[in-house]
Structure formats: C-alpha cells, structure tokens
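I have placed the structure first, in the form of structure tokens, so that the comments after it can refer back to it.
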Amino acid sequence: ERQAVEGRGFINDPDFQHEDLNFLSRSQRYEQAIRKSALMVMKLREHGIADPDEIYWFKRTCLGNFPEPFGLHFSMFQKTLEIQTTDAQKEKWLPLTRGVKIIGTYVQTEMGHGTHLRGLETTATYDPATQEFILNSPTVTSIKWWPGGLGKTSNHAIVLAQLYTQGQCKGLHAFIVPIRQLGTHEPLPGITVGDIGPKFGYDEMDNGYLKMDNFRIPRENMLMKYAQVEPDGTYVKPLSDKLTYGTMVFIRSLIVGDSARSLSRACTIAIRYSAVRHQSELKPGEPEPQILDYQTQQYKLFPLLATAYAFHFVGAYIKNTYHRISGDINEGDLSELPELHALTAGLKAFTSWTANAGIEECRMACGGHGYSRCSGIPDIYVTFTPSCTYEGENTVMMLQTARFLVKSYTQVSSGQQVTGMVSYLNDLSRQRIQPQHVAARAVTVRLNDPISLVEAYKARAARLVEAAAKNLQAELNHRKSKEDAWNRTSVDLVRASEAHCHYVVVKLFTAKLSEISNAAVRAVLTELCLLYALYGISKNTGDFLQAGILTDAQIIQVNQHVKELLATIRPNAVALVDSFDFHDVHLGSVLGRYDGNVYENMFEWAKKSPLNKTEVHESFHKHLKPMQAKL
Amino acid sequence: MALLEPSKYSQGSVLGSVNPDLASERQTASFSVEELTVWLDGSEEHTQKRRAVVEAIESDPVFSRENQYFQSQNERYEAAVRKAVHLQKKMHEMGWTESGPEFKYIYRAVSGDIAFLLHRVFIRSISVLGSDKQIAKWIPLATQHKLIGSYAQTELGHGTYLQGLETTAVFDITTQEFILNTPKISAMKWWPGDMGRSATHTVVFAQLYINGKCYGVHPFIVQIRSLRDHSLCPGITAGDIGPKMNFENVDNGYLMLQNVRIPRENMLNKFCEVQPDGTYVRQGSQKINYFTMTTVRISLISDEVIIPLMKACTIAIRYSVVRRQSKLKPGEQEAKILDYQTQQEKLLPQLAAAYAFHFINDYLQELFNRGYSEIQKKNFNTLPELHAFSSGFKAMVTQYSTSAVQICLQACGGHGYSSLSGLPSLYTRIIASCIYEGENTILLLQTARFLIKCFRAASAGQPVPPSVTYLAAVKPGKCPAKNKLEFLSPDIYTEAYQHMAARLVRSTAAKLQDLIQSGVKKHDAWNQCTVQLAQAAKAHCHYITVKNFAETVEKLKTEAGIQKIMKHLCDLFALHGIFSNAGVFLHDGYVSGAQMDMITASYLDLLAVIRKDAVPLVDAFDFTDKSLNSALGSYDGQVYQRLYEWAQKSPTNKQISPAYERYLKPLLHNTQSKL
C-alpha cells in the first residue's frame, strides 16, 4: 500500500510541501498542520480512498511523521463510536464522523488524574425531567487537560465522566459532547475550552483544556452499546468490562511499532552521519577516519540498530496476535485476552523506554550537530518521548505485567500449569532455582547460539519473577496490608517485568530468523540478533551472575563477543539502515540525507534561519548601538 | 463550584497560600532547612549576598522570564541582548564588579538566560594567550563593551580534534599581515556563541603558514562587523546557524573568511610569535593551554549542571507530594505519588546525586586552587592530574545529571512535558553539556589514558598523585559485610567502589598489554579497548565521588539532624550505584549474590527513610519561584491553579488563529446546516 500511495505521486504533491517547520512559530506550525490535514481529507474524498491500511500510508505520506490535530478524530473518536455505540447512534454519528462533517476528539485525562481512571472527577448527572445529562467540572483538578485537537480544532468530544443517576454514582461512562458552535466555531455557552500552551514538542498539536458548567446534552448522547440509562433514569449494567482491553491492546501495539520506527529513524541519521564525519587519528600519519570506525561509536550505535530490528519484529507479532484473537473476541471468547493485555502493557513500557533512551544516544553520537534542529533527531525525540507516559504511564504498565506474572507464579506454586509466554514458570516447580549453586547450568549456555541465549534470558526472568513473588510473600507475612506489601515490593516487581519483556523480545527476534529465506539476509540478521542478546547480557551482568546463569569467565566472553560483532556488522551498517527505506522528506534531517552531502546543506539550511532575515539584526539598533554610544 | 468562578482565578485567591499537602511535609523536617542552606552556600554571609543578588535581579522586570516559554527564537535572542545590556547598568547601580563576591551569583540569578556569554571567553582567552601589550590594548575595549567578542574554534567539520581544523592564516611578509581563509565548506566556523548576530570581533583559531610551512593551530583576533553600523566587514560571511534544542538566547553563528587581512600584531603571542621577517618563535610552556580548558570545564559543572539538576529535583519532588494518584490503602484518600516506592526509586537517588555533585564540585575547586597556586610558581607537575580529573568529572557529572533531569521530567507524568513545568527547558539545556567543552566519550578516554599511565607507574614503584595510588595497592579479596546494616558503613561501600575501579583499570591495562604483545599495533589495541577504558574512567570518578561524599559527611560539624540526613543521602548515593551496576561488583566475587540481596534491601529501606525529608531537602536549595519558573515546582504547591492561569496566557489562546477561517470552515462547509 505504501508504494501504491507514494507511486501516485502524493509525496511530491506541491500542496503538501511547506517551509521548514523548524523556522516557524507554534501558531504557524499549528496552522500548517491544519492546512495539510484539511487538504488530506479533501484528497481522500476526491480519490475515494477508504481502505484503512491505505489511509494509514496516505497519512504517513502526506503528513510525514508530525502529529496532526485531526489525529484523534480518526483514531480515538471514530474508533470509540464504532465500538461503543448502539445501531441508532451509529446511524446518526458515523456518517458525520467518517465524512469529517464534524471534528471530534477523545477527552479523558484531567488536570489532576491520568492513568488512574477511577479517580476522574468530571460528573454527568441524569435529569429525568428533561431527559438530559448535566455535565460539570466540579473542581480545578477535574478540568480536562491534554487531549489532542481539543484546544482549537474540534467541535465535538467524547467525554469520560462519572455517571450519576437516581442519586447513585455508576462509575465512568462516555458521552458525546458538542463543544463549539457549528458555523462560527465559537465555544458553546457553558463550555470553556482552550490550548494548554507550549510543550516539549508537539508544536502542531492543540492539546487542550475543557471545563463544563451545567452543560446539558440529550440522553441519547451517552454511548449505550454496553451500559444504558433508560428514560426514567434506571441504570442497566454492561455484561463484561474486559472488552475495553481490546482497544487498549490495539493502541499499545501501535506504540511498540512506533518505538521501532522512531528508533530506526534516529539510527538511520546517526549511522549515515557517522560514515560522513571524519575525526582525529586512528593510525598515525593516515587521514582522519570515519567516526564509525571507532569502537566507542560502534558500541553506541550498533546495539541500537539491533534493537530497532528487534522491536520491529515485536510490533509485528503483537499486531498479528491481536488480529488473530480479535476474531475470537467478537465471538465472545476472551480467554487469551488477559495474557495479551498483560504482555502489551509491559512491552509498551519496555520498548518505549528503550527507544526513548536510544534516540538520545543517537543524537549524542552526532556530537554538536545532533543538537541542531537540522539534525532532525530533536524532533524525533520530542515527538516520541511522551509515549513513555501516554496510553498508560510506563511504571504503572510494568506493574500491570508484574501482577499477571505473580498470578501465574502463584498458580504454578499451587500445582497448576500456565500457558503462553509465561510457561517457563512451570519449570520452577521442577527444578528449584538455588541462586548460588547452579554452576552446572552455566556451562550449558552457548554464547554464539541465539536459541541458547533465549534459554539464558528465560532463566533470568524466572529467577527475578520468583524473587519478586517471594519478597512480596515475605512482606505479606509481616502482616502488612496487601497494598502496602505490593508497594514495598514494587521495585522488584518492575525488575521482574523488565526481565520478562526482555526475554520475550529475544525470543521473538530469534524465532524470526528461521523465517528468513534469503541466506545473506538471515546471516546479517543473525548477527544483529546475537548482538542484541549479548549486549543485553553485558548491560545486566549482575542478574546473570547472581542467578548463576553465567560465570565470570563467560561474562568476559560475552563482552569479547559483543566487540567482535561490532566489527562484523560495521561493513553492513549503512546498508542495514538504508533497508529501513526512509525517504529524505520523512527523515527530515540534514545529517541523515541519503546522498550524505551534509555540510553544504547545513549551510543552506542555516541561511534560512529567522535570525538571518536581515543582515543587521534589529536588536543592534535597539540595544547594542545605544549601549556603545553611552560608553 | 465557587472555586471555579473566573473572577477568583484572576485575583489568584488560592495562590499564595501553601497547599496543605506541601505544608505538612515541611512540618516534619528532621533538621533546620535554613542551616542546611547556609552550609551549602558556605557561610551565612554567602547566603545573604546570594539572596540580595537574586532579589535585585528578580525585582527588575527586564530580567523576567515569565514569557520565556512563549517566545520565538528571535524574541528570545532580543530579550537576551536587552538583558545583557541592562545588566551592565544594573551592576553599575548596585556597585557589583566582575571581581566582587556578588558576581558568581549573577549568572544563577538570571538562570543563564542572557547574551554575551562568549564575550567573557573572548576576554579570558586574550588574558591568557595575549602578550602584555595585547592585553593593554584589547581588554579595556572589551570590558567597556566598545566591542563584543566571540571565540571561534569549532568548525563545521571539526570539533574536539583541534589539530584537524582547516581554517588558514598565511603570513605575508611584504605587508606584515596575516591572510585568513576558509578553504572549503567544512572549514567554516560553526557554533561559536554570540557570533551569529552580536559579535564585532572574534578570536579565530587557524593553521598558521609561513613561507609555505604549516606551524599548527594559533589564535588570531579578527574584526568581523563594523563598529559603526554593525554591517559585515569585507571578506566576511557570518550569520546564525538556526534553531537548536535550546540556547535560543544565544546566536550561535557561522563564519566564512575570504582573504581577510589582519595586522601581524593580531596574533595572540604570549607563547608563540611571528617576527616581522617571518621567523617563528615559541616561548614559554604550551601546557598552559590545558589550563584554560580545565578552568572552563570545572566552572561549567556548577552553573550549567548542578544547579539545573537541583532545580529539576525541586520541581519533581514538590510536585510528587501534591499529585495524588490511586489508593495505597482501601478507603483512604488517593496517595501522594511520592509515597510509591517506584516514585521514590526514581527521584531520591537523583536528589542524593545532586548533593554528591555539590560536594565533588567543592573538591574539584580545591584541587584546582591548589594546582593554580603551583602553576603560578611555574610548577606544572599537577597539570596532568588536574586535566584528567576535570575531563573525567565533567563527563561523569554531565552524563549522570542529564539522565537525572530526564528522570525528573518523566516522573511528573503528562504535566512534565508541558513547557510550563520548566522541566523541558532544563533538560534541553543540560543535555548540551555532554557535548560542549569536549565530547564526553573523548574526555573519558583522556582520563583513562592518565589512569593507565598512573597504574603502570605505580606498579613499577614510581610515584603517582595520591588520588590514584589505590590503583596498584588494591588486592583481590572479598567484601567483609555480613548483614544489610553493615552496608551502611562508609568504609564497606567505599572499599567496594575502590576495589571495583581498581579492578577495571587493572584488567583493561592487562588487556591492552596482551593485545600489544600479540602483535597488534598500539593505536589499534587502544581502539579495541576503548569501551572498557571509558568504563574504567567512569568507575574511577564514581569511586572518588562516593569517597568524597563519605569524607565530607565525616568531617561535617553542624547540627546533628543535618549530619544524620547527609549520612543517609551518602549511603543512598553509594548503594544506588552498586544496585544499578551490580554486575561489576559481583564479577570476581568481591560482592557475593547473597550480599547483593542485602545491598538491595538496605537501599530500598533508605528510600523510605529519606522520603520523610525529601521536601525539606529540596527547599534547602533555596530556589525562588521566579528562578524555577515552573507551574509544578513553586513553593506554595498550587500546581493546578498555576497551570490553568498560565496556560491562558499562551499566545495560542490570545491570538486568533486563521486556521479555522482558512481551512476548517471550507472543510466543514455545506454540511453544518443539516445538523
């Protein structure tokens, strides 16, 4: 689909060209983004593009990688309407939404509450007399804060609020709320809405605030596929609350894919630039070498390159698994959902944390020029970094995975078998791990065999899950409350989840190798897979040593292997990033250009800086001249 | 609902009264915050002086940073120039001088948001590298701001490796001038601050050629803009290098030179001179050049790294007692997020690091002062140690603090990403410190070179500086601690660090030796060991930081409460380092697996202890609200009101965006009437 879209020439469509965004103010960047989003919608209409995958590539092509104020309209607003509405509601709202006759967003987070949904304070009180809900923001902390597209763009919102009917609170429910007057775009009476101000990146996005004062909406505006409020105010309960897992799994799987993509972009820039930049002497008397020939530079970049590939496979795996079991979900079979939900929560955190740090590593590997906005990496970073927080704060995500791991461990302890990615816990009951005396196991690890390394990661995960579960039990034995015990073990629990996710990534990468038919491609990806696994060990030697999985001597070999792999991968490094196939327009980087003509183009770029608009800057006349005159 | 009356917001009725969640934290402090502040400043007199400077600056509206987050690059630059000019006036009014005791507080008071930072480097380089005659000519012009200077060393294609610079200065005997040229695009000067728009003069580093022979890189004073109308001088192309991640107050610039002629006297010639007949004369020691770099690296640690780290800790910790999330106990109110172990584990080690680095900075200053007095006596023996220490600590402290600030930002949930939290700008500014004044990896390798040399010398029985004698003295052994409490003994953990650092240096030296003996060329062997070398250098700096922290606590003569909490912070800093680098301590069995579990237990226990004093510990840094410039970190903890009021001042809410009329309306058109 991607080539089809690019092939139609949209990538060069003059309508989608623009001045370098780095030189624009926030308001200007917002305006450009709106212009392109609106244009894109019209082109979608014009070309009759409706297939979701095709729309995805079309958006990537037209808008590049920048956030767009319409983003939540297509994803959350439309998606929620599709899933949570009755047939009558679908009939009314879906045509308006799909045709972008209204623009909507999804409004959940409040100033005082994020990840802990039950704490949200916005209220929707049912008034049977008028058959309306009355929406209110009762405190400062209850003001809706952060939703994208809310500040200036949207005229409708799906608002999450605590439902009150017949004097009782029935928990969180979703409501369709019109917020701006159609035609004039002015906020409706009772609605206070605006932009939350500048952020770390996302300049083009109007993240907004929303305050509601006795704002009334008809009863039919509550999304009623599952829970319902009848005209007299009677509340009808939904059947299952697991269904909401589905959407979360979907969104989090997108973040895993985004981790892979963002890290790939940063690697492409840093590795290409490192082949262009020359510095110092490696051998006396010879010309300055490419900085990519320095071991320290390879050590910074190649493990990240391997990580980008690893995450790519993980993202594809989750997406496929989700699609496979979503059929089951529609038929009411929810048995696989809890594990997938637990796994994606952890992997979302694991991959986004790693990619976040990796992008910064890439930037710093570009020396001073990485700090210039022309490198493109600052933009990749600020656009990506919030994913450590949104759609579930990472530490909270890790603890959700841990809850599942502890539950599985408890099942195994009580003699039950567990299945899926946690099935390694079954082995614990058979061979109790004795942290200090497992030397016999150590020699069985073969350091140049990915399959054997998967076993090492498995043993580490098992050991850390067991340690966390035992520490939790010990805390409970001290007669602490359950919540206290959990809190006092949470650092251990996060470590266990990380080890579990790390194992899953190594396992999926290794499994992928056997699917590659081209021998040369398989060879180079095997090297990357080995590098990923061995580098991970070298960065966490404590876990492997303490559990007796590896010996001191093996750790020295691991470090040696890592360095040998760096030299092996070096000749293929540029080819490996070229394979990501990012178009220069999408990379948005002077340092990462495909043609490598870095310095000339940096100069051309700088000349366009706003400070260079006039030969003598106005501040000379305003401040410098008077100062010199006075002295 | 009354709380939400708009009129109340605009009057700011809630602001000013301290949020009870923050107030309660201050009532339980185990020590006197004021005494800790005084101790951090050095004396009561210092504290008073600092507060007076901060008060004078902050009460002057010209120095306000309230709108900083809303400003464009152009506006930031103009404001910085205005402030720099105004500061001259202010200093005159207040009777502050550059050599006075107030001076060092000014930069902190303006939060570095000011222009002409490189002007000072220009002055310093002339003072150090210029002859008496040159100093007499240029320094008065510069200090009176009759000219504005910059310092042009880095080129588009060359940074840390100075010998690779490509700009040329060819001596022309007939006219007694140097002819300066930028022979190709990668030779263009790139990055120097103040050079893009402000500077009239700059010190240019160029390869000196006399009669076709190259004599290496030398400094030259070059005028680049007219003193009359600020237009560019003939042969000069200069401008701003465009937007960066931060430092929008600084006009980092580019400079291209085409046959620019300057008189022979413009080469800074304290150490090297070209005589009228073209004879090249070298005088004095070139080693002194190291000393300038050493000075800059040490001075940036405090201003550009430790202070921002302290600010980030203040913001994140105050916010973490105001923010409530989920319930720790059923039926209770939602808990302060600082009560979660995971949140403590994110923030408290960073707080401990801020204190550790404050003390290591004192240590470095002392080392520097001692070295400086030796150098004035023409004794250059301490230079290699000073150079190695300033390089290594610059690298370690900047790298550690950069990730610490990032942790603080991400620990504030979504609101951390709002510019109004103050954290994004702290982060994007501090990260530059990992690159400027020497890229960190290269600096660590310089320290490693020194360590390897000292290790070899010490092993051969030759004398080495006292700070590195341990390298050859440490023998293999086992950590003697028997239970988790014994790991709270500074002797136990300091020795573990010492053992680990010595082992890493020793094993890398052995590896180098092996490679060379097996026939690998010296430079190849070095490159093959660089990953380990950098690790060893970092380990050495980490060890010295722990040791210095422990010694500082040991010597501490102040109230018992402060002594106690400082000891806890020292323990936390040390154990956190072992916990997060477990492998290098476990490796060779110095620390056993069972001991590692004890360390982890002790470490986690400490979090709960320090938690109680977390807010008083950041209050002691004594930052004003204006200096924090953060909606999340203000002293009164009125986070949400501040965020709401401040956001409404955003230009996006005040200016009318044409986006709706121009783009949204046509899109929605024709359909609205039907709804």
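So the sequences go chain by chain: A and B.
Take 1 as the starting number for the first sequence in full-length UniProt numbering and just add one per residue.
Take 1 as the starting number for the second sequence in full-length UniProt numbering and just add one per residue.
Even glycine gets a Cβ: it sits at the ideal position worked out from N, Cα and C.
Nearest-angstrom Cα separation, counted from residue j out to residue i
i                     : j                     : result
residue 626 (chain A) : residue 260 (chain B) : 29 Å
residue 263 (chain A) : residue 269 (chain A) : 10 Å
residue 602 (chain A) : residue 590 (chain A) : 6 Å
residue 533 (chain A) : residue 598 (chain B) : 28 Å
residue 302 (chain A) : residue 260 (chain A) : 14 Å
residue 40 (chain B)  : residue 553 (chain B) : 13 Å
residue 142 (chain A) : residue 358 (chain B) : 40 Å
residue 221 (chain B) : residue 209 (chain B) : 16 Å
residue 149 (chain A) : residue 320 (chain A) : 30 Å
residue 151 (chain B) : residue 118 (chain A) : 57 Å
residue 53 (chain B)  : residue 61 (chain B)  : 14 Å
DSSP state of residue i mapped onto helix, strand, coil
i                     : result
residue 191 (chain B) : coil
residue 441 (chain B) : helix
residue 179 (chain A) : coil
residue 156 (chain A) : strand
residue 257 (chain A) : helix
residue 17 (chain B)  : coil
residue 49 (chain A)  : coil
residue 303 (chain A) : helix
residue 258 (chain B) : coil
residue 621 (chain A) : helix
residue 218 (chain A) : strand
residue 284 (chain A) : coil
residue 163 (chain A) : strand
residue 181 (chain B) : strand
residue 380 (chain B) : coil
residue 474 (chain B) : coil
residue 479 (chain A) : coil
residue 613 (chain A) : coil
Beta-carbon proximity list for residue i, same chain, < 8 Å, skipping 5 on both sides
i                     : result
residue 115 (chain B) : 77, 80, 81, 83, 84, 194, 198, 249, 250, 251
residue 529 (chain B) : 508, 511, 512, 515
residue 572 (chain B) : 348, 349, 352, 603, 606, 607, 610
residue 109 (chain A) : 144, 145, 146, 147
Same chain, Cβ closer than 6 Å to residue i, neighbours up to 5 away in sequence not counted
i                     : result
residue 490 (chain B) : 550
residue 647 (chain B) : none
residue 404 (chain A) : 342
residue 100 (chain A) : 41
residue 563 (chain A) : none
Spatial neighbours of residue i in its chain, beta-carbon cut-off 7 Å, leaving aside the 5 residues before and after
i                     : result
residue 486 (chain B) : 492
residue 442 (chain A) : Residue placement at residue 442 (chain A) is poorly supported in this model, since its pLDDT is 47, which falls under 50; the coordinates still yield a value, given next. Around residue 442 (chain A): 548, 549, 550, 551, 554.
residue 19 (chain B)  : 322, 636, 637, 638
residue 241 (chain B) : 190, 191, 196, 252, 253, 254
At a CB distance below 7 Å, what residues from the region 598–610 of chain A approach chain B? Give them in sequence order.
Per Cβ criterion, the list reads 599, 600, 602, 603, 605, 606, 607, 609, 610.
Would you list, in chain order, the members of the region 185–205 of chain B that have their beta-carbon closer than 8 Å to a beta-carbon of chain A?
Against chain A - using a Cβ distance shorter than 8 Å - the residues of the region 185–205 of chain B are 185, 186, 188, 190, 191, 196, 197, 198.
Along the region 245–264 of chain B, what residues have a CB closer than 7 Å to any CB found in chain A?
So the list reads 245, 251, 254, given in the order they occur along the chain.
What are the uninterrupted segments assigned as alpha helix (DSSP H) that are 4 or more residues long and contained completely in the region 304–332 of chain B, given in chain order?
Within the region 304–332 of chain B, the complete alpha helix (DSSP H) segments of 4 residues or longer fall at 307–322, listed in chain order.
Taking any Cβ of chain A, which residues in the region 549–580 of chain B have a Cβ under 8 Å from it, in chain order?
Of all residues in the region 549–580 of chain B, none comes within less than 8 Å of chain A when Cβ atoms are compared.
Beta carbons nearer than 8 Å to chain B: which residues of the region 302–320 of chain A have them?
Going along the region 302–320 of chain A in chain order, one finds no residue with a Cβ nearer than 8 Å to chain B.
Taking a Cβ distance cut-off of 7 Å, strictly less, list which residues of the region 407–425 of chain B are near chain A, in chain order.
Under the 7 Å Cβ criterion, the region 407–425 of chain B contributes 410, 413, 414, 417, 418, 419, 420, 424.
Contained alpha helix (DSSP H) runs [length at least 4] in the region 41–127 of chain B, N- to C-terminal order
Counting whole runs of 4 or more residues, the region 41–127 of chain B contains the alpha helix (DSSP H) stretches 44–58, 73–94, 103–109.
Contact list for the region 641–655 of chain B against chain A, Cβ threshold 9 Å
Here the close residues are 641, 643, 644, 646, 647, 648, 649, 650, 651, 652, 653, 655.
What are the residues of the region 321–333 of chain B that lie near chain A, defined by any Cβ-Cβ distance shorter than 9 Å?
Here the close residues are 323, 324, 325, 326, 327, 328, 329, 330.
Complete alpha helix (DSSP H) runs within the region 529–562 of chain A (minimum length 4 residues, chain order)
Qualifying alpha helix (DSSP H) stretches, in chain order: 541–546.
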